[in-house]
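Colleague: Supplied in C-alpha cells, the structure appears directly below.
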Amino acid sequence: MDVVAILRRSGGLDALARQLGEKPPQVYAGATAMMPGLIDAMRAQVQALGGSRIGVNRLVTMFENYGNGKLAEDVMAPGKVDPAPGLELLGIMFGPEGALSLAAGEPARASGVEAALLEAMLPLLTMLTCGYFSAMAIGNAAVAPQGGTGFGAIVELLTAQA
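Residues 1 to 162 in this note's numbering are what the sequence shown lists, from first letter to last.
Below is the structure:
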C-alpha cells in the first residue's frame, strides 16, 4: 500500500500544504521522505501491543482516543488545525524526542526540504495517516475514499517486515 499516493489522491497532502502555507511539491517530497519512518514507528507500536491483527486492532483503537477519521478530516478542513493530537500520537510512537530526529535526520537530507518544515509537517502528516487508517479500518469511505481494502490492508502493511 502506497500511503503517500493514497493521501495525495484523496487531497490530504494538498490540504496539508494549505494548512502549512507551502507549495504542494514541497509537502509531497517531505511526506515521501518521512512516511517510511512513520510506518516503521507504527509497526514497532503494533509489535509492542501484541503483534499481528491484535496489535493492529489495539493501535487503531488507540487512534479512536484521538478522533478516528476526524484526525484526517481536521487537517482537510478549511480552518486552521490544532496539531496537538498529532504531537501526542508522535510522543506515544517515538517517545518525547524521537519524532524530531525523524524530521531532522535522513528525510531532510533525502527530500531537500528544510528540517523546520518537516517538523511542522510531521504532526499533521501523522493525523492524516492515523485518521486515514482509522477510517479505512471501520470502512468510512467519506474519509478513506481511495485505495486499500480495509482492516486487512492495514494489518498487511503494519505487520510486514521492513
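Ideal Cβ positions, reconstructed from N, Cα and C, are used throughout, including at glycine.
1) Which one of 27, 119, 29 has the shortest CA to CA distance from residue 97?
2) Distance, Cα to Cα, residue 81 vs residue 138?
3) On the premise that residue 112 lies in contact with residue 29, defined as a C-beta separation below 8 Å, what is that separation, rounded to the nearest angstrom?
4) Which of helix, strand or coil does DSSP assign to residue 139?
5) If contacts are defined as beta-carbon pairs under 8 Å, then residue 117 and residue 22 qualify, I think. What distance do you get, rounded to the angstrom?
6) Give a yes or no on contact between the region 49 to 61 and the region 25 to 41, applying the rule of three or more CB pairs nearer than 8 Å.
7) Taking the continuous alpha helix (DSSP H) assigned at residue 72, which residues delimit it?
8) Would you kindly work out how many angstroms separate the C-alpha atoms of residue 150 and residue 84, rounded to a whole number?
9) Leaving aside the five residues before and after residue 124 along the sequence, list all residues of the same chain whose C-beta is less than 8 Å from its C-beta, in chain order.
10) When burial is assigned at 16 or more other CB atoms within 10 Å of the CB, is residue 61 buried or exposed?
Modeller: Taking the definition as stated:
1) The alpha carbon of residue 97 has as its nearest neighbour, out of 27, 119, 29, the alpha carbon of 119.
2) 23 Å
3) 7 Å
4) coil
5) Contact flag correct, Cβ pair sits at about 6 Å.
6) no
7) 70 to 76
8) 27 Å
9) For residue 124, where only same-chain residues beyond five positions count, the Cβ hits under 8 Å are 16, 19, 20, 75, 81, 83, 86.
10) exposed
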